[in-house]
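Asker:
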Amino acid sequence: YQLSDANILVMRKLGEGSVGTVHKIEYRPKRKIMARKLMAVYPDATNHRQIMRELKLLKQCQSPYIVKYYGAYFSADDDGQSIAICMEYCEGGSLESVYKRVAKLNAHVGEGVLAKVALAVLNGLVHLHSYRVIHRDVKPSNILVTGRGEIKLCDFGVSGELVDSIAQTFVGTSYYMAPERIQGDRYAVQSDIWSLGLTLIEVSQNQFPFPPPGHPQLSVIELLEYIIHMPVPQMDPKRFSPECCDFVSRCLCKDPKDRPTPTALLDHPFIVKAASKKLDLKSWIERVWGVPSNKKP
Ligand code: ATP
Ligand code: MG
Numbered sequence: 113y114q115l116s117d118a119n120i121l122v123m124r125k126l127g128e129g130s131v132g133t134v135h136k137i138e139y140r141p142k143r144k145i146m147a148r149k150l151m152a153v154y155p156d157a158t159n160h161r162q163i164m165r166e167l168k169l170l171k172q173c174q175s176p177y178i179v180k181y182y183g184a185y186f187s188a189d190d191d192g193q194s195i196a197i198c199m200e201y202c203e204g205g206s207l208e209s210v211y212k213r214v215a216k217l218n219a220h221v222g223e224g225v226l227a228k229v230a231l232a233v234l235n236g237l238v239h240l241h242s243y244r245v246i247h248r249d250v251k252p253s254n255i256l257v258t259g260r261g262e263i264k265l266c267d268f269g270v271s272g273e274l275v276d277s278i279a280q281t282f283v284g285t286s287y288y289m290a291p292e293r294i295q296g297d298r299y300a301v302q303s304d305i306w307s308l309g310l311t312l313i314e315v316s317q318n319q320f321p322f323p324p325p326g327h328p329q330l331s332v333i334e335l336l337e338y339i340i341h342m343p344v345p346q347m348d349p350k351r352f353s354p355e356c357c358d359f360v361s362r363c364l365c366k367d368p369k370d371r372p373t374p375t376a377l378l379d380h381p382f383i384v385k386a387a388s389k390k391l392d393l394k395s396w397i398e399r400v401w402g403v404p405s406n407k408k409p
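This is the structure:
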């Protein structure tokens, strides 16, 4: 692909995050639909070359559990410089948009789907790890669902140079961070597993688990302190099987030494069962958004 503003037709905005804006676009020369994430970066040509070098790894990182990467380019306008990252458009939206939609329908995401989510995330993390990449930002908005019902990871930390050149003051504070990360320790694969545990609880109960329901509001610092010191949340044992509850409680071991790696968790009964079970996620995601409908996420 020869990606550039001139070759792209912007179709509509898909969403906005803390550092970027994502649009559905068409790559005109091939009439290919993609998603493009724009992030403001500091204007420094040396950095830009380094970022492009690091992003090349994404081309090799292909897997059924990772959102496809098509390429990136730098773009300049009156507001400064941005990097545009072009990736596979995922029609089913993010798990965050999915559970918010499900909540509006007065429903909950069930155990069968959650197990498939956990299976896909673990496979994605194992794949990334084989390239020595740690995701660093596992959360519902970074787990996407395709129109075919595939579940894929996006927005992982492949380029340290890119993280350093994002022109935003508040990058890096996330409530999905494992306790050891909040305390400033180095990242390990296990840190992503903590975030997976929180993600599963959030999606299952249609809200982020900290602070627990009924607890008074907390400031950012108080919430991070709370995550370090207070008891970890659990899956509701009335709604979920013992294997499912056990899986999540292992993800949420506070000490990273006690927390299993993605590879080890692939052998957990909850995951083994999910891997052997047939589930039509395409029909599921169509039901979530309502088909036929032009109000796709
Ligand atoms: P944060 O910036 O805090 O990490 P975020 O993940 O929501 O939050 P972005 O990564 O900028 O922020 O994404 C914004 C939204 O765009 C996502 O929540 C998701 O709904 C949508 N989105 C992102 N990538 C795609 C994609 N490839 N296909 C379809 N929708 C996407
Ligand atoms: Mg994101």
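Going by the UniProt record's numbering, the final residue of the sequence shown carries number 409, and the count climbs one at a time with no gaps.
We put the CB at the ideal spot given by N, CA and C, even for glycine.
1) Who pairs with Cys198 in a beta bridge, going by DSSP?
2) Can you give me the Cβ contacts of Lys366 inside the same chain, cut-off strictly under 7 Å, excluding the 5 residues immediately before and after it?
3) Between the C-alpha atoms of Tyr182 and Asp117, what's the straight-line distance to the nearest angstrom?
4) Would you list, in sequence order, the uninterrupted alpha helix (DSSP H) runs of no fewer than 4 residues that lie entirely inside the stretch 296-347?
5) Flag this pair as yes or no: are the beta carbons of Glu223 and Phe320 separated by less than 8 Å?
6) Check whether the stretch 230-248 and the stretch 119-139 are in contact - that is, three or more C-beta pairs closer than 8 Å.
7) Could you check what DSSP says for Ser206 in three-state terms: helix, strand or coil?
8) Taking a contact to mean a Cβ-Cβ separation below 8 Å, would you say Ala147 touches Leu167 in this structure?
9) Would the C-beta of Ser209 count as close to the ligand MG, meaning under 7 Å from any of its heavy atoms?
10) Might you give, ordered along the chain, the residues of its own chain that have their beta carbon closer than 7 Å to the beta carbon of Ala387, omitting 5 neighbours on each side?
11) Identify whether Val122 lies in helix, strand or coil by the three-state DSSP scheme.
12) Does the beta-carbon of Leu256, which I'm using as the reference point, lie nearer than 7 Å to any heavy atom of the ligand ATP?
13) Please report the Cβ distance between Ile120 and Arg140, rounded to the nearest whole angstrom; I am assuming they are in contact, meaning their Cβ atoms lie under 8 Å.
14) Quick check: the stretch 263-281 against the stretch 155-170, are there 3 or more CB pairs under 8 Å?
15) Less than 7 Å separating the Cβ of Gly129 from some heavy atom of the ligand MG?
16) Pull up the CB-CB distance for Ala196 and Leu150, whole angstroms please, since I reckon it's below 8 Å.
17) Bridge partners of Lys136, per DSSP?
18) Any heavy atom of the ligand MG closer than 7 Å to the Cβ of Cys173?
19) How about Val122 and His135: are their beta carbons less than 8 Å apart?
20) Where Ser395 and Leu226 are concerned, what is the direct C-alpha to C-alpha distance, given to the nearest angstrom?
21) Could you give the first and the last residue of the continuous alpha helix (DSSP H) run that contains Val238?
22) Can you give me the C-alpha to C-alpha distance between residue 56 and Ser303, rounded to a whole angstrom?
23) Look up Ser405 in the DSSP assignment and say whether it is helix, strand or coil.
24) Does the distance from the C-beta atom of Pro323 to that of Tyr338 stay below 8 Å?
25) Count the other CB atoms, across all protein chains shown, that sit within 10 Å of the CB of Thr375; report buried if there are 16 or more and exposed otherwise.
26) For Asp367, which three-state DSSP category applies?
27) Assign Gln193 to one of three DSSP states: helix, strand, or coil.
28) State the Cα-Cα distance for the pair Ile397 and Gly205, rounded to the nearest angstrom.
29) Rounded to a whole number of angstroms, what is the C-alpha to C-alpha distance between Ala188 and Ile294?
Answerer: Well, looking at it:
1) As a position in the sequence shown, residue 198 is number 86, starting the count at 1. According to DSSP, Cys198 bridges with Arg148, Gly183.
2) On the sequence shown, position 254 is the one that residue 366 refers to. Only Pro291, Val344 meet the Cβ criterion.
3) For the purposes of this step, residue 182 is identified with residue 70 of the sequence shown, where counting begins at 1. For the purposes of this step, residue 117 is identified with residue 5 of the sequence shown, where counting begins at 1. Straight-line spacing of the CA atoms in Tyr182 and Asp117 works out to 14 Å.
4) 301-317, 332-341
5) As a working mapping, residue 223 is identified with position 111 in the sequence shown. As a working mapping, residue 320 is identified with position 208 in the sequence shown. No, the pair does not count as a contact, with Cβ atoms beyond the cut-off.
6) no
7) For this step, residue 206 is matched to residue 94 along the sequence shown. Ser206: strand per DSSP, three-state reduction.
8) The sequence position of residue 147 within the sequence shown is 35, counting from 1. The sequence position of residue 167 within the sequence shown is 55, counting from 1. No, they are not a contact pair.
9) On the sequence shown, position 97 is the one that residue 209 refers to. For the ligand MG, not one heavy atom lies less than 7 Å from the Cβ of Ser209.
10) Translated into the one-based positions of the sequence shown, residue 387 becomes position 275. Within its own chain, the residues whose Cβ lies closer than 7 Å to the Cβ of Ala387, once the five positions on either side in sequence are excluded, are Leu231, listed in chain order.
11) What you label residue 122 is simply residue 10 of the sequence shown in a count that begins at 1. DSSP places Val122 in strand when its eight states are reduced to three.
12) For the purposes of this step, residue 256 is taken as residue 144 along the sequence shown, with counting starting at 1. Flag set: Cβ of Leu256 near the ligand ATP.
13) As a first step, residue 120 must be located in the sequence shown, where it is residue number 8. As a first step, residue 140 must be located in the sequence shown, where it is residue number 28. Going by Cβ atoms, the distance from Ile120 to Arg140 rounds to 7 Å, so yes, they are a contact pair.
14) yes
15) Reading the sequence shown from its first residue, position 17 is the one you call residue 129. Checking the Cβ of Gly129 against the ligand MG gives yes.
16) As a first step, residue 196 must be located in the sequence shown, where it is residue number 84. As a first step, residue 150 must be located in the sequence shown, where it is residue number 38. Between Leu150 and Ala196 the Cβ distance is about 5 Å, and since that is below 8 Å, they are a contact.
17) Counting from one through the sequence shown, the residue named residue 136 turns up at place 24. DSSP, once it has assigned bridges, lists Arg124, Ala147 as partnering Lys136.
18) Stepping through the sequence shown from its first residue, residue 173 is reached at position 61. The beta carbon of Cys173 sits no closer than 7 Å to any heavy atom of the ligand MG.
19) Position 10 of the sequence shown, counted from the start, is the residue given in the question as residue 122. Position 23 of the sequence shown, counted from the start, is the residue given in the question as residue 135. Yes, these two residues count as a Cβ contact at 8 Å.
20) The residue given as residue 395 occupies position 283 in the sequence shown. The residue given as residue 226 occupies position 114 in the sequence shown. Looking at the two C-alpha atoms, the distance is approximately 15 Å.
21) Position 126 of the sequence shown, counted from the start, is the residue given in the question as residue 238. Element bounds for Val238: 223-242.
22) For residue 56 there is no data in the structure shown, the boundaries of the chain being 113 and 409.
23) The residue given as residue 405 occupies position 293 in the sequence shown. Bear in mind that a pLDDT of 48 at Ser405, under 50, signals an unreliable position, so the number given afterwards is only what the model happens to contain. Three-state result, Ser405: coil.
24) Within the sequence shown, numbered from 1, the residue matching residue 323 stands at position 211. Within the sequence shown, numbered from 1, the residue matching residue 338 stands at position 226. Going by C-beta atoms, Pro323 is nearer than 8 Å to Tyr338.
25) On the sequence shown, residue 375 is found 263 positions in, with the first residue counted as 1. Flag for Thr375 reads exposed.
26) Taking the sequence shown and counting its residues from 1, the one referred to as residue 367 is at position 255. DSSP places Asp367 in coil when its eight states are reduced to three.
27) Here residue 193 corresponds to residue number 81 of the sequence shown, with the count starting at 1. Gln193 falls in the strand class under three-state DSSP.
28) In the sequence shown, counting from the first residue as 1, residue 397 sits at position 285. In the sequence shown, counting from the first residue as 1, residue 205 sits at position 93. Using only the alpha carbons, I get a separation of about 9 Å.
29) The residue labelled residue 188 in the question sits at position 76 within the sequence shown. The residue labelled residue 294 in the question sits at position 182 within the sequence shown. Their Cα atoms are separated by approximately 35 Å.
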